[in-house]
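When we follow this note's numbering, the leftmost residue of the sequence shown carries the number 215, and every step to the right adds one.
In this text, a Cβ means the ideal position worked out from N, Cα and C, and glycines have one as well.
If you're wondering where the values come from, they're calculated on a predicted model, not measured in any experiment.
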Amino acid sequence: METTFHGTALSRRKIVDRMQLIRSITEEFQQHYVFQDGLRFNFLFGLYSQKLEHLLNEADQIDDRQFHDNLNILRRSVEEMSPYVIE
C-alpha cells in the first residue's frame, strides 16, 4: 500500500514537472492573438496544436523519450512561428 502511494506521488510530480516544461515553451506564444497568415504559419500552427494536445492529454502515459521528442517539436514550431506574430 505504501509503495502504491509513493509511486502515485512520483507520478503526479512527474506530470506537474512535464506541465511546467510545456508551459515554459507555450506561455509567451499564447499571449499573442494576431498572426500574419500564410501556408507555412498554418502548417506550423497545426503542428503546434497537435503536439500541444498530445502532450497535455498523454503526459502521464508516454515515456520520457517520446515526451522530450514531442517537446522539441513543440519548441521548434513555436520558434519558427515567431516571425508571424504581429505585435
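Any C-beta of chain D under 7 Å from that of Gln275: Among the chains of the structure shown, chain D does not appear; only one protein chain is present.
May I ask you to report which of helix, strand or coil DSSP gives Val230? Of the three classes helix, strand and coil, the one that applies to Val230 here is helix, per DSSP.
Excluding sequence positions up to five away, which residues of its chain have a Cβ less than 8 Å from the Cβ of Leu288? In the same chain as Leu288, and ignoring 5 residues on each side of it, the C-beta atoms closer than 8 Å to its own belong to Ile236, Ile239, Thr240, Tyr262, Lys265, Leu266, Leu269, in chain order.
What residues in its chain sit with their C-beta under 6 Å from that of Asp274, if we drop five residues either side in the sequence? Cβ-Cβ distances below 6 Å link Asp274 to Ile229 in the same chain, with the five nearest sequence neighbours on each side left out; the list follows chain order.
In whole angstroms, give me the CA-to-CA distance for Phe259 and Ile276. A straight-line Cα-Cα distance of about 23 Å links Phe259 and Ile276.
Would Gln250 and Ile300 qualify as a contact pair, given that the criterion is a beta-carbon distance under 7 Å? Taking C-beta atoms as the reference points, Gln250 and Ile300 count as a pair closer than 7 Å.
Kindly indicate the opening and closing residues of the alpha helix (DSSP H) around Gly260. Element bounds for Gly260: 253-272.
Local Cβ density within 10 Å of Phe257, reported as buried at 16 or more and exposed below that: Exposed is the call here.
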